[in-house]
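Visitor: Provided herewith is a single structure, encoded as structure tokens, for subsequent inquiry.
Residue numbers (the working numbering), protein chains in the order written: chain A, 586 to 992; chain B, 586 to 992.
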């Protein structure tokens with residue numbers, strides 16, 4: 586079998602996805618992979634044979650350090666869904682021909698649930714054609730919605746970013762002492778893990794957010810207005826965290842109520858935006874208060890200047906563990922994180938069958954939501970707090986964090 | 586004359602305004618001011634006698650350090666414009682009666698051009714009634730639009746934030762390799778200093794932003810579209826920085842073209858928002874490209890986790906210099922920053938007459954804009970780069986930056 590490795594990145598970027606790339610790269614090099622290749626823009630670029638050889642790109646250990654600190658996907662990404670191989674075998678034949686030409690023995694794909702679908706299909710097809718190539722999935726998503734893993738690399742840093750900026754926005758919003766409602770829109774289509782992270786802001790030095798609206802909980806505009814009105818009698822400045830994916834009881838997204846168009850990508854995802862704006866306008870039209878909407882937008886997924894060291898370390902580890910497993914003969918699996926204890930926080934890696942992860946979404950458990958459905962319980966904080974611990978300082982050059990990019 | 590000092594904060598918050606407060610506080614204490622008072626919510630709170638004594642609030646040097654690192658205005662802020670004293674002398678009589686009751690000898694106001702109007706009026710009224718109270722202005726604004734000072738405390742940190750997030754957004758926006766236009770909306774009603782800071786992103790490791798639209802330059806939608814179309818033939822992912830205040834040649838704000846309401850505050854400022862969204866929708870409707878709008882919103886002015894050490898040091902210095910000047914007999918002046926050299930960067934403080942600062946706005950000089958009016962020249966970079974140098978690490982506790990708040 587081939588002694589070369591190839592790695593790709595897929596799905597939405599995170600601020601630590603390149604730490605997983607560094608983990609795969611270094612572990613393959615340590616195991617004497619002759620060449621480690623990268624596919625540009627994931628499986629889509631592989632099909633177009635847009636392939637780089639890492640040896641000519643990442644040489645020094647300084648470059649590896651910069652790679653760990655560079656947000657977004659160094660290799661580029663894609664949202665390409667592989668067709669069913671019964672229907673379009675030619676796509677698979679092409680991919681395997683390219684892999685054979687490159688003498689690939691180890692194939693790594695860093696991504697979320699859609700990307701794990703790619704690994705599931707490739708490894709299944711490989712098994713049917715008796716390929717020796719080993720396929721491993723490396724988890725990554727700020728959404729934290731992968732099954733069978735305690736959490737996903739990328740979530741800790743995004744959660745830390747959200748905790749930090751919620752504290753800052755709360756400070757900013759109280760400054761005039763007037764009636765004010767700030768609605769902050771946070772990513773997470775169907776799973777509210779990121780929005781829940783707004784609960785981390787509360788502490789000795791921060792009042793915390795006043796309401797958290799998860800996509801798991803049907804949203805009722807009247808109840809929302811009632812809560813806002815009641816709360817504002819006690820406290821002038823309210824800060825509310827809403828998921829971009831909150832839906833009405835009839836299944837429509839709240840953002841669909843606004844005038845802006847929505848559209849559907851090739852995975853069937855809607856591009857959701859405008860939820861916070863809709864809600865802040867809704868409040869402003871009905872209550873005597875100033876309002877503001879803030880969308881954390883892509884800022885929350887690419888904030889390389891504000892990562893969790895715990896997260897970036899684990900991102901690196903899952904990359905290395907995937908390489909180790911592949912070289913030891915595993916295929917068709919994903920590296921998962923298993924929490925051993927909370928205090929002290931200890932976490933290890935394990936392997937899980939890829940078919941049990943692909944295309945599934947893990948939601949926030951309802952036991953971690955308070956009885957009013959407006960806040961997270963202590964159990965959620967216990968779960969999330971360890972994931973945002975410690976920082977990895979960027980390498981600042983001339984005032985800005987240094988990145989490494991493909992030239 | 587009174588031996589007590591009082592200090593207030595006014596206008597929009599910044600991430601370093603509390604460093605100036607710390608500077609005033611410590612310099613007054615060193616000069617043996619008996620009491621240093623703080624007015625809550627600026628002059629508005631003073632009129633309502635909402636006053637705190639710092640001795641009961643900020644004691645330890647650790648608390649002073651936390652104060653320097655806490656974004657937004659510790660004392661709260663206001664946007665209260667003092668009436669003309671010829672018309673409403675009773676407001677001034679009330680203020681001076683309260684100051685006399687507190688035995689105030691030194692009065693400090695940290696703010697932007699509107700706040701300097703407050704200092705100008707109070708010191709002028711004081712002169713007319715032979716008050717011994719000394720009034721000093723301490724400059725603060727992320728907008729960098731104050732006259733007679735090389736730059737304003739608050740600008741360097743906001744500029745650094747903008748440089749950092751533009752680099753991150755550029756990385757994020759290139760990831761799929763598809764046609765994509767990202768329009769980023771940056772604060773600055775009439776002066777484009779903050780939007781110009783997007784030019785700092787370009788470097789060895791970053792392509793930089795593709796277009797910068799300042800409010801100083803009349804905006805033409807057709808020319809904008811033409812440039813976007815031309816540029817996208819060469820480069821698929823474009824990132825464009827626009828000021829919230831860009832105006833058409835006929836004087837209307839671009840954001841007024843959208844459906845969203847605008848309103849006017851008591852200083853006559855419009856609340857501008859929706860420029861980036863309007864432009865990204867405009868592009869999406871006319872070109873075959875995906876688009877996204879990102880509003881940096883209040884995130885850019887309260888990012889205490891990402892300050893410039895140069896800025897925070899200078900913010901502290903201008904506070905101290907104001908106290909020193911007041912104790913030495915000055916009144917009716919503002920502390921300004923005067924740049925001595927660029928390389929090495931050296932900057933000192935000086936005093937300027939408050940009447941020459943109040944209510945004026947310093948714009949970006951047109952010599953610092955390129956001939957296409959789409960980018961900044963090297964001279965701007967030479968001006969801005971020193972202001973974003975070095976970092977002040979937050980005190981992270983349990984994963985989040987620690988602040989200090991009024992209990």
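We treat Cβ as the ideally placed atom computed from N, Cα and C, and that holds for glycine.
So for residue 848 of chain B, helix, strand or coil by DSSP?
Guide: Low per-residue confidence applies at residue 848 of chain B: pLDDT is 48, beneath 50, and the placement is therefore not dependable, though the value from the model is reported in the following sentence. Coil.
Visitor: Is it buried or exposed for residue 848 of chain A, if we count other Cβ within 10 angstroms and need 16 for buried?
Guide: Low confidence applies to residue 848 of chain A: its pLDDT is 48, below 50, so where it sits in the model is not reliable enough to give any reading.
Visitor: Scan the stretch 941-990 of chain B and note each continuous alpha helix (DSSP H) run of 4 residues or more that stays entirely inside, going in chain order.
Guide: Here the runs fully enclosed are 963-969.
Visitor: Which residues, in chain order, does the stretch 759-770 of chain A contribute to contact with chain B at a C-beta distance below 7 Å?
Guide: The residues in question are 760, 761 and 762.
Visitor: Give every residue of the same chain whose Cβ lies closer than 6 Å to the Cβ of residue 846 of chain B, excluding the five residues on either side of it in the sequence, and list them in chain order.
Guide: Legend: pLDDT at residue 846 of chain B = 47, less than 50; position of this residue unreliable, value from coordinates given subsequently. Closer than 6 Å at the Cβ level, and outside the excluded window around residue 846 of chain B, lies no residue.
Visitor: In chain order, what are the residue ranges of uninterrupted alpha helix (DSSP H) at least 4 long that sit wholly in the stretch 674-716 of chain A?
Guide: Within the stretch 674-716 of chain A, the complete alpha helix (DSSP H) runs of at least 4 residues are 674-686 and 698-713.
Visitor: Return no unless some Cβ of chain B is closer than 8 Å to the Cβ of residue 724 of chain A.
Guide: Closer than 8 Å: no.
Visitor: Taking only beta carbons into account, state which residues of the stretch 811-838 of chain A come closer than 8 Å to chain D, listed in chain order.
Guide: Of the protein chains in this structure, namely A and B, none is chain D.
Visitor: Along the chain, where does the alpha helix (DSSP H) that runs through residue 758 of chain A open and close?
Guide: Looking at the DSSP string, the run of the alpha helix (DSSP H) that includes residue 758 of chain A is 740-758.
Visitor: Assign residue 808 of chain B to one of three DSSP states: helix, strand, or coil.
Guide: DSSP places residue 808 of chain B in helix when its eight states are reduced to three.
Visitor: Out of A:724, A:598, A:829 and A:661, state which residue places its alpha-carbon closest to the alpha-carbon of residue 608 of chain A.
Guide: Ranking A:724, A:598, A:829 and A:661 by Cα distance to residue 608 of chain A puts A:724 first.
Visitor: Does any residue of chain B bring its CB to less than 8 Å from the CB of residue 591 of chain A?
Guide: It does not; no Cβ of chain B falls within 8 Å.
Visitor: Decide yes or no for the touch test of the stretch 791-806 of chain B against the stretch 818-829 of chain B: beta carbon pairs closer than 8 Å, at least 3 of them.
Guide: Short answer: they touch.
Visitor: What residues in the stretch 868-889 of chain B have a beta carbon less than 9 Å from any beta carbon of chain A?
Guide: Listed by position along the chain: 869, 875, 877, 878, 879, 880, 881, 882, 883, 884, 886, 887, 888 and 889.
Visitor: Within the 8 Å Cβ cut-off, does residue 903 of chain A reach chain B?
Guide: It does not: the Cβ of residue 903 of chain A has no partner Cβ on chain B nearer than 8 Å.
Visitor: Spatial neighbours of residue 648 of chain A within its chain, please: C-beta separation below 7 Å, excluding the five flanking residues on both sides.
Guide: Counting only Cβ-Cβ distances below 7 Å, and skipping sequence neighbours, we find 989.
Visitor: Using the Cα positions of residue 850 of chain B and residue 692 of chain A, report the straight-line distance between them to the nearest angstrom.
Guide: Confidence is the limiting factor: at residue 850 of chain B the pLDDT is only 49, short of 50, which leaves the residue's position unreliable, though a coordinate-based value still follows. Going from the Cα of residue 850 of chain B to the Cα of residue 692 of chain A covers about 59 Å.
Visitor: Mind pulling the chain A residues with CB within less than 9 Å of residue 791 of chain B?
Guide: The answer, in chain order, is 985, 988 and 990.
Visitor: Considering just the uninterrupted stretch of the alpha helix (DSSP H) at residue 865 of chain B, what are its terminal residues?
Guide: Residues 860-871.
Visitor: Closer than 7 Å, Cβ to any Cβ of chain A: which residues of the stretch 738-761 of chain B, in chain order?
Guide: Listed by position along the chain: 745, 748, 749, 750, 752, 753, 754, 756, 757, 760 and 761.
Visitor: Using beta-carbon positions only, say whether residue 901 of chain B and residue 653 of chain B come within less than 8 Å of one another.
Guide: Yes.
Visitor: Between residue 637 of chain A and residue 622 of chain A, is the Cβ-Cβ spacing less than 8 Å?
Guide: Yes, these two residues count as a Cβ contact at 8 Å.
Visitor: Which residues in chain B sit within 9 Å of residue 970 of chain A, going by Cβ to Cβ distance?
Guide: By Cβ distance, chain B contributes 983 and 984.
Visitor: In whole angstroms, what is the alpha-carbon distance linking residue 897 of chain A and residue 914 of chain A?
Guide: In a straight line, the C-alpha of residue 897 of chain A is about 26 Å away from that of residue 914 of chain A.
Visitor: Quick one: measure Cβ to Cβ for residue 748 of chain B and residue 949 of chain B, integer angstroms, because I've assumed they're closer than 8 Å.
Guide: Contact flag wrong, Cβ pair sits at about 16 Å.
Visitor: What residues from chain B crowd round residue 661 of chain A, counting only those whose CB sits closer than 8 Å?
Guide: Within 8 Å Cβ-Cβ: 759, 760, 761 and 762.
Visitor: Could you tell me if residue 978 of chain A is buried or exposed, where buried requires 16 or more neighbouring beta carbons within 10 angstroms of its beta carbon?
Guide: Per the 10 Å Cβ criterion, exposed.
Visitor: Considering only DSSP beta bridges, list what residue 934 of chain B is partnered with.
Guide: Answer is B:922.
Visitor: Can residue 744 of chain A and residue 782 of chain A be called in contact, C-beta distance under 8 Å?
Guide: Cβ atoms of residue 744 of chain A and residue 782 of chain A: closer than 8 Å.
Visitor: In whole angstroms, give me the CA-to-CA distance for residue 591 of chain B and residue 689 of chain B.
Guide: Straight-line Cα distance between these residues: approximately 7 Å.
Visitor: With a Cβ-Cβ cutoff of 8 Å, do residue 924 of chain B and residue 735 of chain B count as a contact?
Guide: Yes, the pair counts as a contact, with Cβ atoms nearer than the cut-off.
Visitor: Residues in the same chain with beta-carbon distance under 7 Å from residue 943 of chain B, minus the five sequence neighbours each way, listed in chain order, please.
Guide: The residues are 698, 701, 702 and 705.
Visitor: Between which two residues does the beta strand (DSSP E) containing residue 623 of chain A stretch?
Guide: Residue 623 of chain A -> beta strand (DSSP E) spans 621-624.
Visitor: Does the distance from the CB of residue 767 of chain A to the CB of residue 839 of chain A come in under 8 Å?
Guide: It is not a contact, given that the beta carbons lie outside the stated cut-off.
Visitor: Which residue's Cα is closest to the Cα of residue 975 of chain B: B:746, B:785 and B:895?
Guide: Here the closest residue by C-alpha is B:895.
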